[in-house]
Amino acid sequence: MGSSFSSNKAVVHGKRLERARLLEEACTSDKNSDREKYLQATACGIVSRIESGEWTATEVLEAYIARAVEAQAATNCLTEIMFKDARAQAKDLDAEFSATKNLRGPLHGVPFSVKDLYRVKGYDTTIGFTQWANDPAEENAALVDHIIAAGGIPMVKTNVPQTMLSFECNNPLWGRTTNPYNPGYTCGGSSGGEGAILAMDGSALGIGSDIAGSLRIPTAYCGIYSLMPSFPRVSTFGCRGPDPGFEGLIAINGPMARSVEDLKLFCRTLFGVPDAISYVPPMPYREPNLPEKLKFGYYTSDGFFKASPANKRAILETVAALRKQGHECIEFEPPNVHEALVTFVALSSSDSYRHMLSSLGPDPLDNTLKLVVYGSRVPYPLKALAHFILSKILNDWRAADVIMAAGSKSYSQYSKWTEKRQAYNNMFYMNVWNKYGFDGIIAPVQALPQLLQGGATELSPLVMGTVLYNVVQSSAGCIPVTRVDPEKDKLTDEWTKPSPDKKSILEDQLYRGKKPFYDPVPMKGMPVGIQVVAKKWEEEKVLAMMSVVDKALGEDRGFGPGACRPPEKL
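For the sequence shown, this note's numbering gives the first residue as 2, with consecutive numbering after it.
And the structure:
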């Protein structure tokens with residue numbers, strides 16, 4: 002055991018030392034004092050200016066390399082540094098354009114960041130496991146190949162939480178990634194490194210993944226934009242995960258960006274592009290035809306958690322802005338939402354996470370996973386006792402149901418939970434989409450706008466806000482709306498006084514007691530995001546509705562390129 006631990010420390014030291022060396026080498030390369038103009042351009046703007054001959058791919062890349070180094074210093078968002086190969090690609094693109102005056106593709110010269118789970122030839126794909134270090138990929142993931150073929154330039158890989166099952170971003174190999182607005186808060190996860198680098202303009206476009214909110218949570222925490230498409234509109238071939246055989250809920254790849262238009266650029270380019278195993282449906286991007294007057298459903302409480310004052314305000318400001326533009330907005334209560342969380346817990350814990358943790362080796366288990374993992378291994382008599390106390394004595398039957406659902410299952414039990422997942426999906430479609438005829442849903446991402454580092458240790462059920470739309474297989478985008486305002490978003494009796502007919506121990510932690518997790522004073526100025534949701538296969542409609550929301554709210558509200566800076570420049 003001592004030998005394994007020593008070896009583990011040596012791997013961590015070696016990988017971090019190599020990363021530091023590559024970053025230090027890059028620091029001296031940027032002599033361009035005019036780099037802000039590149040950083041404050043959208044990906045669409047970058048391509049346009051390269052096509053006009055105003056900029057070169059190399060000029061753009063050097064600006065983003067310099068900012069990526071700053072983003073790493075501020076947030077620890079990077080894993081693999083691919084600057085050497087990126088510079089070679091930019092040089093080739095410039096030579097090709099000089100000779101032909103034609104772009105290689107729609108992403109020509111756009112610097113990309115890549116969530117660590119995507120294989121990139123010649124680089125490790127560790128997802129934070131030290132046992133997976135020093136094993137460079139022999140081939141690119143299909144999506145990486147597609148990006149390069151379209152002229153995009155992958156330049157860095159970004160950090161993830163251990164096992165990618167947490168919505169924070171910490172692992173023993175690379176360490177903890179922090180929120181670019183406040184290091185005391187998490188950047189979210191599991192696509193947390195992507196959220197941080199994009200918020201700081203260290204990348205022009207990024208790719209992440211989502212199984213319970215892993216695109217949308219870091220997007221909201223970091224004040225950027227993302228899309229969780231339907232599976233599998235974007236290729237997953239060549240990605241690496243901790244439990245690749247698990248299909249209770251499937252991880253979905255999608256883009257993260259600094260504008261809705263950049264999300265559209267990604268989707269127009271990469272939807273329907275086949276991979277080596279023909280897994281992607283032949284469904285290229287389809288221009289949507291929205292009605293002049295849209296019908297939105299919205300809610301501020303999912304029935305499991307009451308949204309904080311800041312999150313509630315973000316929803317209501319969005320609704321008011323849409324109504325002002327002539328759109329119809331109807332408040333509704335999503336049905337039996339806690340069943341979606343219970344189903345997710347039941348399916349994901351079906352072997353008590355043993356397979357997922359089989360690659361842990363000598364690495365210590367992250368604190369944010371301990372309650373989830375050990376809770377799934379509690380003997381049945383103790384779980385039954387906890388269920389009785391929570392449901393009968395404390396009157397918190399929602400938490401009681403979650404506890405009972407966790408744990409190992411036989412094939413028959415697993416199959417029944419899969420049936421329940423589909424039954425819930427069917428019920429949601431009948432009682433929401435079909436009943437109301439909504440074009441889209443405006444929903445909170447979570448009950449909190451931000452989460453303190455380590456908060457997921459106690460508050461893992463906060464994923465309820467996002468996991469719902471994984472269970473019902475919706476298309477879902479995330480868009481920043483506002484920023485926390487201590488005066489507008491202070492706690493009132495609506496939150497501090499518990500409901501007499503609905504007890505929630507978890508909600509007590511959010512809003513009540515001496516140190517509630519929600520405190521708008523230290524959160525001041527941090528982003529607050531919302532979800533824009535539609536049915537499965539309606540990604541283009543989601544993007545179009547995100548544009549409608551963006552314009553209704555006002556595109557001058559302080560998000561997009563240039564919205565966040567390294568701490569010394571804030």
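Glycine residues also receive a C-beta, built at the ideal position from the N, C-alpha and C atoms.
Look at residue i and residue j and say whether their C-beta atoms are less than 7 angstroms apart.
i	j	result
aspartate 117	valine 161	yes
glutamate 169	threonine 369	yes
alanine 205	isoleucine 316	no
glutamine 451	methionine 524	yes
histidine 147	leucine 271	yes
glycine 273	proline 285	yes
threonine 164	proline 230	no
aspartate 276	alanine 100	no
tyrosine 280	methionine 527	no
glutamine 532	valine 433	no
valine 320	aspartate 551	no
arginine 602	serine 353	No answer is possible for residue 602: the residues shown for the chain start at 2 and end at 571.
threonine 76	tryptophan 175	no
leucine 554	alanine 213	no
aspartate 364	asparagine 171	no
isoleucine 82	leucine 18	no
glycine 194	threonine 220	no
histidine 388	alanine 401	yes
Straight-line CA distance for residue i to residue j?
i	j	result
proline 382	methionine 405	11 angstroms
threonine 127	phenylalanine 238	17 angstroms
cysteine 28	glutamate 71	9 angstroms
threonine 43	leucine 264	10 angstroms
valine 235	valine 145	11 angstroms
proline 568	asparagine 427	With a pLDDT of 42 at proline 568, under the threshold of 50, the predicted position of this residue should be treated as unreliable, though the coordinate-derived value follows. So the alpha carbons of these two residues sit roughly 47 angstroms apart.
glutamate 329	alanine 545	16 angstroms
leucine 507	glutamate 539	34 angstroms
alanine 96	arginine 88	12 angstroms
aspartate 621	serine 8	This structure leaves residue 621 out entirely; the chain is present only between 2 and 571.
arginine 105	aspartate 509	55 angstroms
glycine 456	leucine 372	12 angstroms
aspartate 202	alanine 258	10 angstroms
alanine 78	leucine 166	As written in the sequence, residue 78 is cysteine, which differs from the alanine given in the question. Spanning the two alpha carbons is a distance of roughly 17 angstroms.
leucine 386	tryptophan 398	13 angstroms
alanine 21	phenylalanine 333	51 angstroms
methionine 547	lysine 393	43 angstroms
tyrosine 186	arginine 177	11 angstroms
leucine 511	cysteine 479	22 angstroms
glutamate 582	tyrosine 415	Any property of residue 582 remains undetermined from this structure, which presents the chain solely from 2 to 571.
alanine 69	lysine 92	19 angstroms
asparagine 180	leucine 40	19 angstroms
isoleucine 154	proline 256	15 angstroms
arginine 287	glutamate 541	7 angstroms
glycine 441	glycine 189	25 angstroms
valine 157	lysine 498	47 angstroms
leucine 449	glutamate 52	42 angstroms
proline 184	glycine 224	15 angstroms
leucine 460	leucine 108	39 angstroms
Tell me where the alpha helix (DSSP H) around residue i begins and ends.
i	result
threonine 131	Here threonine 131 belongs to no alpha helix (DSSP H), and DSSP marks it neither H nor E.
arginine 399	398-406
alanine 535	No alpha helix (DSSP H) holds alanine 535; the beta strand (DSSP E) holding it covers 528-535.
serine 99	84-101
serine 49	44-52
glutamate 508	506-512
isoleucine 218	217-223
glutamate 495	494-497
glycine 194	193-200
glutamate 139	Unbroken run through glutamate 139: none, as it is neither H nor E.
Can you give me the start and stop residues for the beta strand (DSSP E) that residue i sits inside?
i	result
threonine 159	154-159
leucine 295	No beta strand (DSSP E) holds leucine 295; DSSP gives it neither H nor E.
lysine 116	112-116
Comparing the CB of residue i with every heavy atom of the ligand HEM, is any distance shorter than 6 angstroms?
i	result
leucine 271	Inclusion of the ligand HEM in the displayed structure is not the case, the ligand content being empty and no account of it being possible.
Take every Cβ of the stretch 479-498, pair it with every Cβ of the stretch 347-364, and state whether three or more of those distances are shorter than 8 angstroms.
no
Are the stretch 53-69 and the stretch 104-123 in contact at 8 angstroms, needing three or more beta carbon pairs?
Here the stretch 53-69 lies against the stretch 104-123, with 3 or more beta-carbon pairs under 8 angstroms apart.
Mind the definition here: the stretch 470-477 touches the stretch 512-528 only if three or more C-beta pairs lie below 8 angstroms; say whether that holds.
In short, these stretches do not touch, since the Cβ pair count stays below three.
Do the stretch 247-267 and the stretch 215-228 make contact, defined as three or more Cβ pairs closer than 8 angstroms?
yes
Could you say if the stretch 243-252 and the stretch 288-298 meet the contact criterion of at least three C-beta pairs nearer than 8 angstroms?
Two segments are said to touch when three or more pairs of C-beta atoms, one from each, lie closer than 8 angstroms; by this definition the stretch 243-252 does not touch the stretch 288-298.
If we require 3 or more residues per run, which beta strand (DSSP E) segments fall completely within the stretch 243-287?
Correct list: 253-258.
Contact between the stretch 411-424 and the stretch 343-350 is defined here as three or more beta-carbon pairs at a separation below 8 angstroms; is this criterion met?
Short answer: they touch.
Inspect the CB distances between the stretch 456-467 and the stretch 304-315 and report whether three or more fall short of 8 angstroms.
yes
Within the stretch 393-479, ranges of the alpha helix (DSSP H) (whole runs, at least 4 residues)
398-406, 412-429, 465-472
In the stretch 58-87, which residue ranges form an unbroken beta strand (DSSP E) of at least 3 residues, counting only runs that do not cross its ends?
As for any beta strand (DSSP E) of minimum length 3 sitting wholly inside the stretch 58-87, the runs are 79-82, ordered along the chain.
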